[in-house]
Amino acid sequence: MSGDGPGRPIQQWAPHALEVHPAGPAPGSSGLVEQRVLPSYVRREHDQLLAEAVREAAQGRSRMVVLVGESSTGKTRACWEAVQPLAEKGWRLWHPFDPTRAEAALEELHEVGPRTVVWLNEAQHYLGDRAVGERVAAAVHALLLETE
Numbered sequence: 614m615s616g617d618g619p620g621r622p623i624q625q626w627a628p629h630a631l632e633v634h635p636a637g638p639a640p641g642s643s644g645l646v647e648q649r650v651l652p653s654y655v656r657r658e659h660d661q662l663l664a665e666a667v668r669e670a671a672q673g674r675s676r677m678v679v680l681v682g683e684s685s686t687g688k689t690r691a692c693w694e695a696v697q698p699l700a701e702k703g704w705r706l707w708h709p710f711d712p713t714r715a716e717a718a719l720e721e722l723h724e725v726g727p728r729t730v731v732w733l734n735e736a737q738h739y740l741g742d743r744a745v746g747e748r749v750a751a752a753v754h755a756l757l758l759e760t761e
């Protein structure tokens, strides 16, 4: 791990690794997940709110964004699209996942450095964990209050 804390540069992430649902295999591909492509993105009203939160974060004001909606309505894709301007500015993204989402988050949230997106897709797996969910929520709260 580098001195920047957990995660890696946003541009090094493949969308499917962050649970962004691909549309299907690319023409001529074998259909493997790594070769799937996303369809063109159609911006919606909530994208303006996401873009504003990203602009504020880029200016040094920590933000937490939670999207709520039915399954497969584009929440994760909207977040993926929203963080792309940060990729161009050298930001990192951390998606805690192993050994469990909640355990991974709890173990390293205190190590997250500046200019890092903490990707807690399917937040119920982090915050609703009976063993450590409350501690994960407290760690996220502390991280949001940190100043450089």
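First residue of the sequence shown? That's 614 in our numbering, and the numbers climb one at a time after it. We put the beta carbon where it would ideally sit given N, CA and C, even for glycine. This one's a predicted model, so the numbers in the text were calculated from it and none came from an experiment.
Query	Result
Exposure label - Y654; buried when at least 16 CB within 10 Å	exposed
P619 - partner residues in DSSP beta bridges	P619 is not bridged to any residue.
Where R705 sits in the DSSP three-state scheme	strand
Proximity of A715 and D742 at Cβ, strictly below 8 Å	yes
Where S686 falls: helix, strand or coil (DSSP)	According to the sequence as given, residue 686 is Thr; it is not Ser. Of the three classes helix, strand and coil, the one that applies to T686 here is coil, per DSSP.
Cβ separation of L699 and I623, assumed to be a contact under 8 Å, to the nearest whole Å	6 Å
Whole-Å CB distance - A671 paired with A695, under 8 Å assumed	No, A671 and A695 are not in contact; Cβ-Cβ is about 11 Å, not under 8 Å.
Given L740 as reference, the closest of W732, L680 and V749 once Cα atoms are compared	V749
Beta-carbon separation (whole angstroms), E724 vs P619, contact threshold 8 Å	6 Å
Spatial distance of V633 from L733 (CA atoms)	13 Å
Start-to-end residues for the beta strand (DSSP E) that takes in V633	Taken as a continuous stretch (DSSP letters only), V633 belongs to no beta strand (DSSP E), as it is neither H nor E.
Residues that T729 bridges to, as DSSP identifies them	R705
S742 - DSSP class collapsed to helix/strand/coil	The sequence given here has Asp at residue 742, not Ser. DSSP places D742 in coil when its eight states are reduced to three.
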